[in-house]
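K.L.:
There are 4 protein chains.
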Amino acid sequence: MITAPCVSGSRDVFVQDVRVGDGYFAIIAGPCSVESRAQIMQTAHAVKASGATLLRGGAFKPRTSPYAFQGLGYEGAELLAEAGRATDLPTVSEVMSVEQVERMAACIDVLQIGTRNMQNFDLLRAVGRTGRPVLLKRGMSATIDELLAAAEYIIAEGNQNIILCERGIRTFESATRNTLDLSAIPVLRERTHLPVVVDPSHAVGVRRWIGPLCCAAKAVGAHGIIVEVHPNPSDALSDKEQALTFEDFAQITADLSRIPVMS
Amino acid sequence: MITAPCVSGSRDVFVQDVRVGDGYFAIIAGPCSVESRAQIMQTAHAVKASGATLLRGGAFKPRTSPYAFQGLGYEGAELLAEAGRATDLPTVSEVMSVEQVERMAACIDVLQIGTRNMQNFDLLRAVGRTGRPVLLKRGMSATIDELLAAAEYIIAEGNQNIILCERGIRTFESATRNTLDLSAIPVLRERTHLPVVVDPSHAVGVRRWIGPLCCAAKAVGAHGIIVEVHPNPSDALSDKEQALTFEDFAQITADLSRIPVMS
Amino acid sequence: MITAPCVSGSRDVFVQDVRVGDGYFAIIAGPCSVESRAQIMQTAHAVKASGATLLRGGAFKPRTSPYAFQGLGYEGAELLAEAGRATDLPTVSEVMSVEQVERMAACIDVLQIGTRNMQNFDLLRAVGRTGRPVLLKRGMSATIDELLAAAEYIIAEGNQNIILCERGIRTFESATRNTLDLSAIPVLRERTHLPVVVDPSHAVGVRRWIGPLCCAAKAVGAHGIIVEVHPNPSDALSDKEQALTFEDFAQITADLSRIPVMS
Amino acid sequence: MITAPCVSGSRDVFVQDVRVGDGYFAIIAGPCSVESRAQIMQTAHAVKASGATLLRGGAFKPRTSPYAFQGLGYEGAELLAEAGRATDLPTVSEVMSVEQVERMAACIDVLQIGTRNMQNFDLLRAVGRTGRPVLLKRGMSATIDELLAAAEYIIAEGNQNIILCERGIRTFESATRNTLDLSAIPVLRERTHLPVVVDPSHAVGVRRWIGPLCCAAKAVGAHGIIVEVHPNPSDALSDKEQALTFEDFAQITADLSRIPVMS
Chain L
560 MITAPCVSGS RDVFVQDVRV GDGYFAIIAG PCSVESRAQI MQTAHAVKAS GATLLRGGAF
620 KPRTSPYAFQ GLGYEGAELL AEAGRATDLP TVSEVMSVEQ VERMAACIDV LQIGTRNMQN
680 FDLLRAVGRT GRPVLLKRGM SATIDELLAA AEYIIAEGNQ NIILCERGIR TFESATRNTL
740 DLSAIPVLRE RTHLPVVVDP SHAVGVRRWI GPLCCAAKAV GAHGIIVEVH PNPSDALSDK
800 EQALTFEDFA QITADLSRIP VMS
Chain Y
560 MITAPCVSGS RDVFVQDVRV GDGYFAIIAG PCSVESRAQI MQTAHAVKAS GATLLRGGAF
620 KPRTSPYAFQ GLGYEGAELL AEAGRATDLP TVSEVMSVEQ VERMAACIDV LQIGTRNMQN
680 FDLLRAVGRT GRPVLLKRGM SATIDELLAA AEYIIAEGNQ NIILCERGIR TFESATRNTL
740 DLSAIPVLRE RTHLPVVVDP SHAVGVRRWI GPLCCAAKAV GAHGIIVEVH PNPSDALSDK
800 EQALTFEDFA QITADLSRIP VMS
Chain A
560 MITAPCVSGS RDVFVQDVRV GDGYFAIIAG PCSVESRAQI MQTAHAVKAS GATLLRGGAF
620 KPRTSPYAFQ GLGYEGAELL AEAGRATDLP TVSEVMSVEQ VERMAACIDV LQIGTRNMQN
680 FDLLRAVGRT GRPVLLKRGM SATIDELLAA AEYIIAEGNQ NIILCERGIR TFESATRNTL
740 DLSAIPVLRE RTHLPVVVDP SHAVGVRRWI GPLCCAAKAV GAHGIIVEVH PNPSDALSDK
800 EQALTFEDFA QITADLSRIP VMS
Chain D
560 MITAPCVSGS RDVFVQDVRV GDGYFAIIAG PCSVESRAQI MQTAHAVKAS GATLLRGGAF
620 KPRTSPYAFQ GLGYEGAELL AEAGRATDLP TVSEVMSVEQ VERMAACIDV LQIGTRNMQN
680 FDLLRAVGRT GRPVLLKRGM SATIDELLAA AEYIIAEGNQ NIILCERGIR TFESATRNTL
740 DLSAIPVLRE RTHLPVVVDP SHAVGVRRWI GPLCCAAKAV GAHGIIVEVH PNPSDALSDK
800 EQALTFEDFA QITADLSRIP VMS
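Protein chains in written order, with my numbering: chain L, 560 to 822; chain Y, 560 to 822; chain A, 560 to 822; chain D, 560 to 822.
See the structure below:
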């Protein structure tokens, strides 16, 4: 089912037949963690129905504490792939170590590099060698220049299928989990040909503030958003405060449809 | 010409007959500094023609260095008022000290408190006592809670005509002058009835990144923007890097018209 | 009792006969706020006995909330001056507005500019005109360059009697109230002839971490410290978490005596 | 030559017969990168003569750009080990990926986890399993709590031989490369039994400011420092701006001897 990704002349990344780049707005949605077949299937169908174009789900979870839920591992990845096939949605999932890369690349369409691994250089090289599309999250204290330098590690292996992701930076403000740096979008659009999406869920960390920031991301010229959706957020095994319900997500995609794609 | 401001039942501030609040989007534009009659008149007519709803212009300029241009003072304020009358635009200008408040309130519609004075408590009390609409800028390292506490100093004098302004916070990122904290908008909309506008000019400090952030500000639910416009930015006596040309500004208001007012 | 201050050839500031500069280490201590004659008298005698060289005490208090204790005003300043005379300690107290400057200068030896007023330019000019020694605190998000530019506002009025003060900057770390930037001391020693002292109380905000940072301040080459001491911290009307007891302070000065003056 | 490390009852870590903990002050010195046998041998003898107690040197270098010098790899590690044996100094070197851990542990005494890998959880687990002493650097935007949570990943594998390292955090201040957070030392001493050392070289990034911060680190209660020393800094292949000459280092250890060990 995985087809060879290719890069258009300019800034676009193709994930199967989904185009991420100028003139398009990707909506990447799914649970923080894949928790069960029922959970991911139900979520995949719900987000598809509301307009999602890619399905996300965590199999390996980087957690601040070693005693927190660490994800279902490869079993989670297989469930995600199954849900992706069932809904015809390409899949996005994080790889945390070099040894996971090959096996994850065999079943997942877009390999995500998390914020804590933006400068895990061996991992960057490893995903670079797969040729697979990569969603590269900005480190939570990385400058824009450092994000681009990290992308160079992937490109140096011959892989230009990179989707950058702004997900909030560390600042003194504590009302939100991080500070979403939307100014980075026009800066990145000027400095690179790579598409850039926005993750407001991890930036603000509070469900009801995510929708307005999705709209802002589209208006500022981002090429998409990535958000966390769960059938029942209060039962989520990770990031429950920021998980959207199906209804929240449907409202957000409806709101997004009122904002034109900016270019 | 100055009419008594009043507050509607909920979140709106009236500046003459211009309403700032839910369902409206204020466009506040004008030069960083008033430099001459010709400059402010030309700018006022240009921004009015492109859709500005209020006219801004600095008379007293807080400058990091004592040797930088400090503004035309009361003469600048009078020129701004004249340009406002000529174009039927209410005016916004900064007050920097208690002694300026009364005289500025006599000719200017909205008294602006700059980012460096957000916790200049005597000044907050002084503008509070005027009853005049106040545009209160967030300190560049102030939390959202501290911004609201600063507004309390004005409210404690009986003046609720306050327009809050997010203008970027200090972070490690140096590609932009500051980091515009658009996440603050949904947080503020939840925590206060006061309207909040966004100043992207001082946040990013680079002309060509301002337009996308204006659109983002509207999409995230801000009640307006405030931007710097100059007939010839390269000749501006202050902030020339971030001043918009008349053409830039016309393009931005055209782009803004494509974004609905969110509520 | 106030004698004309003067500046030595190089980096020293004289406050009466107390020298602040290379080869000396000033210990400035006293309550956050002057609360009563008994409180300030008792504190003055206690800190004098433990080695303090200047007496601090707040008369006008800048408070985030308008509903918090705002200080005793001029009455507090007079009590501080009285306690200074009784113990032969020069006094330090904050001025918050231009109108306070002349009257405060008549009874207080060192006029303090607080962190929130570092760029209150009219106030800087006003203390500059007094010729009185000024203790200029770094703004909580001010760069080192901006601190020096603020000092220029005072110097431009002909007053070089400036003691700079590092007091912590805003960062993402929340274990401490602010992050004390001791790296600023060698940078400032290189860039300016002005002496620089360190305020660890406001930086860390927790009593038991202040002592080690006082020692670090001396070791890094600062010209002194300024700390808050109270007869009974749990009863303090402001900043009770960071006020030192008399015993704490005596221990700190004993520890400081084990660190040589670095130059 | 590598002996089994062991932990004393409380906070001490033993590296061979060098004790890191209360009452001791470790001086860890050596080049940023091992560049040649001559360079590391010469440096090892010089730092030993001036009082260093451990020898550091980079074999694998995490670099922001893929096109920068990446270190000599295992050859560099072998050269470092040889220099350590020749001078009877235990060695410290960074591991960047899980696959390097076993081979590095066979020749290096202390495995360093760099700032970019503080939350590379698989790597933390891998060094945990070796039982070898680990020098764990704080992430450049990690809170103190997150640093301790990262240490838990190592401890969870049964390895308590952890030396924490404060190395500067990201802030808005640009005069220094990072902001050294010395307030973290008393906080860490209160919250954990693990020893903590300070790396001022990476924090300030400028040679001549390192000495004062070494003294401050000792005075604030750190259990040691780690600094970069090079025979000829202007020829260094990495971090040349912050490398100390042999003379600089000798002056610093002389200055340090004037500061008592605080506890």
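Each residue gets a CB set at the ideal place from its N, CA and C atoms; glycine is no exception. Predicted model, so just to flag it, every value in this text is computed and none were measured.
(1) Tell me, please, whether the stretch 805 to 821 of chain A touches the stretch 581 to 599 of chain D by the rule of three or more beta-carbon pairs shorter than 8 Å.
(2) Mind checking the stretch 659 to 682 of chain D against chain Y and listing, in chain order, the residues whose C-beta falls within less than 7 Å of any C-beta there?
(3) Any contact of the stretch 755 to 770 of chain Y with the stretch 713 to 731 of chain L, i.e. 3+ C-beta pairs under 8 Å?
(4) State the Cα-Cα distance for the pair asparagine 679 of chain A and alanine 775 of chain Y, rounded to the nearest angstrom.
(5) How big is the Cα-Cα spacing for glutamate 653 of chain Y and glycine 617 of chain L?
(6) Would you tell me roughly how many angstroms separate the C-alpha atoms of glutamine 801 of chain L and threonine 602 of chain L, rounded to the nearest one?
(7) Mind listing, in chain order, the continuous alpha helix (DSSP H) runs of no fewer than 4 residues lying wholly within the stretch 562 to 627 of chain A?
(8) Would you say alanine 762 of chain D reaches chain A, if we count a Cβ-Cβ gap shorter than 8 Å as a contact?
(9) Cα separation between isoleucine 769 of chain L and alanine 611 of chain Y?
(10) Would DSSP call glycine 690 of chain L helix, strand or coil?
(11) What does the alpha-carbon distance come out to for the pair serine 700 of chain A and glutamate 641 of chain D?
(12) Closer than 8 Å, CB to CB, is threonine 730 of chain A near chain L or not?
(13) Start and end of the beta strand (DSSP E) containing leucine 796 of chain Y?
(14) Per DSSP, what kind of secondary structure is methionine 560 of chain Y in: helix, strand or coil?
(15) Give the C-beta separation of phenylalanine 628 of chain L and serine 797 of chain L to the nearest angstrom, bearing in mind that I take them to be a contact with Cβ-Cβ under 8 Å.
(16) Which whole-angstrom value is the C-beta distance of alanine 734 of chain L and threonine 702 of chain Y, which I expect to be below 8 Å?
(17) What does serine 733 of chain A reach in chain L if we use C-beta pairs closer than 9 Å?
(18) Taking Cβ-Cβ distances shorter than 9 Å, what residues in chain L pair up with methionine 655 of chain D?
(19) Given a cut-off of 8 Å on the beta-carbon distance, is the pair glutamate 903 of chain Y and arginine 688 of chain Y in contact?
(20) Is it buried or exposed, arginine 536 of chain L, if we count other Cβ atoms within 10 angstroms and call 16 or more buried?
(21) Tell me whether asparagine 737 of chain L is buried or exposed, calling it buried when 16 or more other Cβ atoms sit within 10 Å of its Cβ.
(22) For chain B, check one thing: does any of its Cβ atoms lie closer than 8 Å to the Cβ of serine 700 of chain Y?
(23) What residue from D:Ser822, D:Ser656, D:Gly783 and D:Gln671 has the CA that sits closest to threonine 650 of chain D's CA?
(24) Do you know how far the Cα of proline 759 of chain L is from the Cα of valine 577 of chain L?
(25) When the Cα atoms are used, what is the spatial distance from asparagine 638 of chain D to cysteine 666 of chain D?
(26) Please state whether DSSP places glycine 783 of chain Y in a helix, a strand or coil.
(27) For chain D, find out if any of its Cβ atoms is closer than 8 Å to the Cβ of methionine 600 of chain A; answer yes or no.
(28) I'd like the list of long-range same chain contacts for alanine 605 of chain Y, defined as Cβ closer than 6 Å, with 5 residues on each side in sequence excluded.
(29) Three-state secondary structure (DSSP) at leucine 682 of chain Y?
(30) Could you list which residues in chain L have their beta carbon closer than 7 Å to that of cysteine 774 of chain Y, in chain order?
(31) Check isoleucine 818 of chain Y in the structure and name its three-state DSSP category.
(32) Determine the burial state of alanine 709 of chain A: buried for a count of at least 16 other Cβ atoms within 10 Å of its Cβ, exposed for fewer.
(33) Among A:Val788, A:Pro692, A:Phe619 and A:Tyr712, whose alpha-carbon lies nearest the alpha-carbon of isoleucine 599 of chain A?
(34) Under the assumption that glycine 727 of chain A contacts histidine 761 of chain A (Cβ atoms under 8 Å), give the Cβ distance between them as a whole number of angstroms.
(35) Quick check: the Cα distance between valine 766 of chain D and proline 792 of chain Y, rounded to an integer number of angstroms?
P.N.:
Well, looking at it:
(1) no
(2) none
(3) no
(4) 32 Å
(5) 50 Å
(6) 15 Å
(7) 596 to 608
(8) yes
(9) 29 Å
(10) coil
(11) 47 Å
(12) yes
(13) No beta strand (DSSP E) holds leucine 796 of chain Y; DSSP gives it neither H nor E.
(14) Below a pLDDT of 50, predicted positions are generally treated as unreliable, and methionine 560 of chain Y, at 31, falls in that range; the measurement from the model is reported next regardless. Coil.
(15) 6 Å
(16) 7 Å
(17) Phe731 and Ser733
(18) Asn679, Phe680 and Asp681
(19) Since the first residue of chain Y shown is 560 and the last is 822, residue 903 of chain Y is not available in this structure.
(20) Given that chain L is displayed from residue 560 to residue 822, the structure contains no residue 536 of chain L and the question cannot be resolved.
(21) buried
(22) Among the chains of the structure shown, chain B does not appear; the protein chains present are L, Y, A and D.
(23) D:Gln671
(24) 21 Å
(25) In the sequence on display, residue 638 of chain D carries leucine and not asparagine. Rounded to whole angstroms, leucine 638 of chain D to cysteine 666 of chain D spans 10 Å at the Cα level.
(26) strand
(27) no
(28) Phe805
(29) helix
(30) Ala778, Val779 and Met821
(31) coil
(32) buried
(33) A:Val788
(34) 6 Å
(35) As written in the sequence, residue 766 of chain D is arginine, which differs from the valine given in the question. Cα-Cα distance, rounded: 41 Å.
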